[in-house]
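According to UniProt numbering, the sequence shown is numbered sequentially starting from 1. What follows is a set of notes on a single structure, which appears directly below.
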Amino acid sequence: MKELNKAMEQSTLYDSIKIKRIDSLRSRLQRRDPHTLYNSYLQLYNAYKVFNFDSAFVYAQLMENLSEQLQDPVRIVEAKVKMGYILLSSGMFTETAAFINTINANGSPDSTKIEYYLMKSRLYFDLADYNQDKYYTPEYIRTASRYIDSALHLMSPNSFEYRYNRGLQQFKLGNVKEALSIYPNLDQPGLTDRQIAVSACTLGAIYVATEKIDTAIALMIRSAISDIRASTKETMASYSLATLLFEKGDIKNASHCIERAIAEAVFYGARQRKVMVSSILPIIERERILTAEERTKSLLIYAAIVTLLLVALVVLAITVFRQVRKLKVAQRIITEAHLKQQEINNQLLEANKIKEEYVGYCFNINATYIAKLEKLKQTLEQKLTDSKSTAEVKFIINNINIRQERDELFMNFDRVFLKIFPHFVTAFNDLFDKDNQVILKENELLNTDLRIFALIRIGINDNEKIASILEYSVNTIYAYKTKIKKRSLMPSEEFEQRIMDIKAL
Numbered sequence: 001m002k003e004l005n006k007a008m009e010q011s012t013l014y015d016s017i018k019i020k021r022i023d024s025l026r027s028r029l030q031r032r033d034p035h036t037l038y039n040s041y042l043q044l045y046n047a048y049k050v051f052n053f054d055s056a057f058v059y060a061q062l063m064e065n066l067s068e069q070l071q072d073p074v075r076i077v078e079a080k081v082k083m084g085y086i087l088l089s090s091g092m093f094t095e096t097a098a099f100i101n102t103i104n105a106n107g108s109p110d111s112t113k114i115e116y117y118l119m120k121s122r123l124y125f126d127l128a129d130y131n132q133d134k135y136y137t138p139e140y141i142r143t144a145s146r147y148i149d150s151a152l153h154l155m156s157p158n159s160f161e162y163r164y165n166r167g168l169q170q171f172k173l174g175n176v177k178e179a180l181s182i183y184p185n186l187d188q189p190g191l192t193d194r195q196i197a198v199s200a201c202t203l204g205a206i207y208v209a210t211e212k213i214d215t216a217i218a219l220m221i222r223s224a225i226s227d228i229r230a231s232t233k234e235t236m237a238s239y240s241l242a243t244l245l246f247e248k249g250d251i252k253n254a255s256h257c258i259e260r261a262i263a264e265a266v267f268y269g270a271r272q273r274k275v276m277v278s279s280i281l282p283i284i285e286r287e288r289i290l291t292a293e294e295r296t297k298s299l300l301i302y303a304a305i306v307t308l309l310l311v312a313l314v315v316l317a318i319t320v321f322r323q324v325r326k327l328k329v330a331q332r333i334i335t336e337a338h339l340k341q342q343e344i345n346n347q348l349l350e351a352n353k354i355k356e357e358y359v360g361y362c363f364n365i366n367a368t369y370i371a372k373l374e375k376l377k378q379t380l381e382q383k384l385t386d387s388k389s390t391a392e393v394k395f396i397i398n399n400i401n402i403r404q405e406r407d408e409l410f411m412n413f414d415r416v417f418l419k420i421f422p423h424f425v426t427a428f429n430d431l432f433d434k435d436n437q438v439i440l441k442e443n444e445l446l447n448t449d450l451r452i453f454a455l456i457r458i459g460i461n462d463n464e465k466i467a468s469i470l471e472y473s474v475n476t477i478y479a480y481k482t483k484i485k486k487r488s489l490m491p492s493e494e495f496e497q498r499i500m501d502i503k504a505l
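This is the structure we're talking about:
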């Protein structure tokens, strides 16, 4: 079918080549001797006889008229046989029957007699196919068979034409096996496209009788391709192929082939072919329309299903979008909670570190003070046992420097705090402009301003506790904090939070 469709697409090319060849023959028609002119008419007739009825009919008439002028009996019979063939090809059965009865082929060459007998056999075979009558059809077939016998008697038994016509005869008589055994090999070399087209079409009809439809279709396709290549318009292949494809259910290709068949019949001018094609064309077209309607209905159903699926997809997409949005919200909440938890963990780690440092610091300080108290106790006990040592006890007590002890306490606190928060002073100064930043004295780790907020950073927020540790009044601590916050670049309410944001090492 691909090869056939390709050939159909190229049919105009084959036809243009045929027309150019015909134009070349027509250009040679000049006033020359009648015998040469007759041969030119014969060549043009042969070019047109399966291509276009009207032109072939014209040249057949010219051949008749010229042969009558020449008073040549051989050419007169030949011209009449050609006219009979062209009338028969157009489907003019009555005219053909009346015309060929005027032909007397006796004395003609064997080639003319063969053509005459085959034309008469074809007439009766076509009448049998056309009538399909129980009484007349068998008689037509028998008459056609007798004329084929007359033609076969003049042919070489080994020739392609003999085997083809003998196979055709046996097929028409109902001897299918005999026909297949006699039929010529279509692949033998030297066959023309016309010979392949005619013989493949007939062989396809034989295989239809044996119910080998696929083989028949393949042969009809081969016949149709050969017809296209030979620019043959008087053909049965496209019509027969369309019928077989339709019966097999291939409506698309059947419609394509029947359109080709009716185009060929109209181009050639074959009346009986138009009638035959017209009988099946409405059936194929109706089936094609029904198939198209079924396809349209199926497409509507598919469209409805696709629409429903699309709606379902949209609903699903909306649902998924909402779920994704919820998941994003949940993820954001989880992320925030995670960050908050991480921050809390960091704060806990920081608090643990502060606690560890300051617990160690407190134990160390307490141990030092306990050792001092124990040493002081022992000294005082020794001195008190001696009544004369009262002056020495007073001397010892007076030598205890509370201020120095407090400074040492603050120094130890500063050292431990800066060990935990080494960048505290820098971060603290970043909250002030250059003129209000804290400038520490030599060997000074923290001053009172820094120490107040250092205590706040390690979690001691109560002013009374801060005042107690630093040995200031609560008002003094409050005043310090207020003064420092006012000098800051930060709003007062944010200052302590920025202090708490300073990270431990």
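Heads up, the beta-carbon is just placed ideally off N, CA and C, and yes, glycines get one too. If you're wondering where the values come from, they're calculated on a predicted model, not measured in any experiment.
Residue environment for P189: exposed (fewer than 16 other C-beta atoms within 10 angstroms of its C-beta).
Per DSSP, T102 lies in no alpha helix (DSSP H) and is assigned neither H nor E.
The alpha-carbon of Y136 is positioned some 41 Å away from that of T12.
The Cβ atoms of N52 and F267 lie closer than 9 Å to each other.
Between the beta-carbon of K172 and that of F125 there is about 6 Å, and that keeps the pair under the 8 Å contact cut.
The three-state reading of DSSP puts F160 in helix, counting H, G and I together. In this structure, I103 lies near Y116, with their beta-carbon atoms less than 9 Å apart. The straight-line gap separating the alpha-carbon atoms of I318 and K297 is approximately 31 Å. C-alpha of N253 to C-alpha of I221: approximately 11 Å in a straight line. Boundaries of the alpha helix (DSSP H) around Q195: D193 to A209.
Taken atom to atom, the span from the alpha-carbon of L191 to that of S226 is near 11 Å. If you compare the alpha carbons of Q132, T36, L152 and N412 with that of L118, the shortest gap goes to L152. If you check the CB distance, Y183 and S199 come in under 9 Å. Rounded to the nearest angstrom, the gap between the Cα atoms of E408 and T335 is 46 Å.
Between L123 and T96, the gap from beta carbon to beta carbon is short of 9 Å.
Rounded to the nearest angstrom, the Cβ distance from Y147 to S121 is 4 Å, consistent with a contact under 8 Å. Three or more pairs of CB atoms, one per stretch, sit closer than 8 Å, so the stretch 478-491 contacts the stretch 428-448. For S488, DSSP records a beta bridge to F432. C-alpha of L308 to C-alpha of L299: approximately 14 Å in a straight line.
A straight-line Cα-Cα distance of about 8 Å links I114 and M155. Going by beta carbons, T232 and D193 fall inside the 9 Å limit. A straight line joining the alpha-carbon of E496 with that of K441 spans about 25 Å. Going by DSSP, I469 is part of the alpha helix (DSSP H) stretching over N463 to L470. Annotated three-state conformation of Y135 is coil, per DSSP. V324 has its alpha-carbon roughly 14 Å from the corresponding atom of I333. When DSSP states are grouped into helix, strand and coil, E444 belongs to the coil group.
Sequence-distant partners of M411 (beyond 5 residues in either direction) whose C-beta falls short of 8 Å from its own C-beta, in its chain, are L445. If only uninterrupted beta strand (DSSP E) runs of at least 3 residues are considered, none is enclosed by the stretch 288-346.
Under the three-state reduction of DSSP output, D187 falls in the coil class, being neither helix nor strand. The three-state secondary structure of K503, taken from DSSP, is coil.
With respect to the 9 Å criterion, I213 and L244 are classified as neighbours on the basis of their beta carbons. Following the DSSP letters along the chain, one finds S24 inside the alpha helix (DSSP H) bounded by residues S11 to R26.
Residue environment: G269 is assigned as buried (16 or more neighbouring CB atoms within 10 Å of its CB, all protein chains considered). P34 and V74 do not touch by the CB rule: their CB atoms are close to 14 Å apart, not below 8 Å.
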